[in-house]
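> Attaching a single structure in structure tokens format; questions to follow.
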Amino acid sequence: MSRGKHKKGIGLIEVIVGASILSLAGVGLLMTYALYVNASLVAPRPIQAAFLEDEGMEVMRLIRDQNWGSISGLSLGTTYYLSFDAGAKKWSTAASGVLINGIFDRIVVVSAVNRSVSKDIVSSGGTLDPDTKKITVSVSWLYKGATTTKQLVGYLTKLF
């Protein structure tokens, strides 16, 4: 008789051990799923930022094509934001801006360009070229308390 009671106790231990193993496997699957979801939300951000940089440079080209004075009249070294007026269907620069999609901050900085005697762009010295501007488009976003910034640098020349 004591042998039958002993078998029931072993069965209970097997159930507890089995339930523990299944619980650990379930927790592992949930943690893997949470990691996957987190990675899928963060992975597109650098790609989106690259598109926003390209868009920013294209907008500056569009502004240049509409009126070179809109580019040459900007204060050098000043931070500008890009603003789209849906009514006028026109882009412009602004002193303040809002986050794009509630995530990204895009700024544009215009700098002077100097040229050497051989007309090459130089970082210092040379002669000021009033018909060329260095455009720096920066896109930044905050994730888990850290800011990531991507930059695109290009040059615009007065064409018209």
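Per numbering that gives the first Met the number 0, the sequence shown starts with residue 0, numbered consecutively. Note that the Cβ used here is the ideal one computed from N, Cα and C, for glycine as well.
In chain order, which beta strand (DSSP E) runs of at least 3 residues are fully inside the segment 117-149?
The segment 117-149 contains these whole beta strand (DSSP E) runs: 126-142.
> If you drop the 5 nearest sequence neighbours on each side, which residues of the same chain put their C-beta closer than 6 Å to that of residue 63?
Here the question's residue 63 lines up with position 64 in the sequence shown. 70, 155.
> Measure the alpha-carbon distance for residue 121 versus residue 129 and round it to whole angstroms.
Here residue 121 refers to the residue found at position 122 of the sequence shown. Here residue 129 refers to the residue found at position 130 of the sequence shown. Each residue's alpha carbon lies about 14 Å from the other.
> Hey, how far is the Cα of residue 0 from the Cα of residue 17?
For this step, residue 0 is matched to residue 1 along the sequence shown. For this step, residue 17 is matched to residue 18 along the sequence shown. In this prediction, residue 0 has a pLDDT of 48, which is less than 50 and means its spatial position is unreliable; what the coordinates show is noted afterwards. Whole-angstrom Cα-Cα distance: 27 Å.
> Mind pulling the beta strand (DSSP E) runs of 3 or more residues that sit fully within the segment 30-84?
List check, beta strand (DSSP E) in window: 78-84.
> Just to confirm the assignment, what range does the beta strand (DSSP E) spanning residue 106 have?
Residue mapping note: residue 106 aligns to position 107 of the sequence shown, counting from 1. That run of the beta strand (DSSP E) goes 103-114.
> Check the DSSP bridge columns for residue 99 and list the partner residues they point to.
Against the sequence shown, residue 99 aligns to sequence position 100. Beta-bridge pairing links residue 99 to 103.
> Consult DSSP for residue 158 and reduce its assignment to one of helix, strand or coil.
On the sequence shown, position 159 is the one that residue 158 refers to. If DSSP states are grouped into helix, strand and coil, residue 158 belongs with coil.
> Name the one or two DSSP bridge partners that residue 151 has.
Residue 151 sits at position 152 when you count from the first residue of the sequence shown. Looking at the DSSP assignment, residue 151 forms a beta bridge with 136.
> Rounded to whole angstroms, what is the Cα-Cα separation between residue 97 and residue 124?
As a first step, residue 97 is located in the sequence shown; it is residue number 98 there, counting from the start. As a first step, residue 124 is located in the sequence shown; it is residue number 125 there, counting from the start. Cα to Cα, residue 97 sits roughly 37 Å from residue 124.
> Identify whether residue 18 lies in helix, strand or coil by the three-state DSSP scheme.
Position 19 of the sequence shown, counted from the start, is the residue given in the question as residue 18. It is helical.
> Quick one: what's residue 93 bridged to in DSSP?
In the sequence shown, residue 93 corresponds to position 94, counting from 1. Bridge partners of residue 93: 80.
> Out of 157, 143, 134, point me to the one whose CA is closest to residue 151's CA.
What you label residue 151 is simply residue 152 of the sequence shown in a count that begins at 1. Ranking 157, 143, 134 by Cα distance to residue 151 puts 134 first.
> Is it right to say residue 26 is buried, meaning 16 or more other beta carbons lie within 10 angstroms of its own, or is it exposed?
Residue mapping note: residue 26 aligns to position 27 of the sequence shown, counting from 1. By the neighbour-count rule (16 or more Cβ atoms within 10 Å), residue 26 is not buried but exposed.
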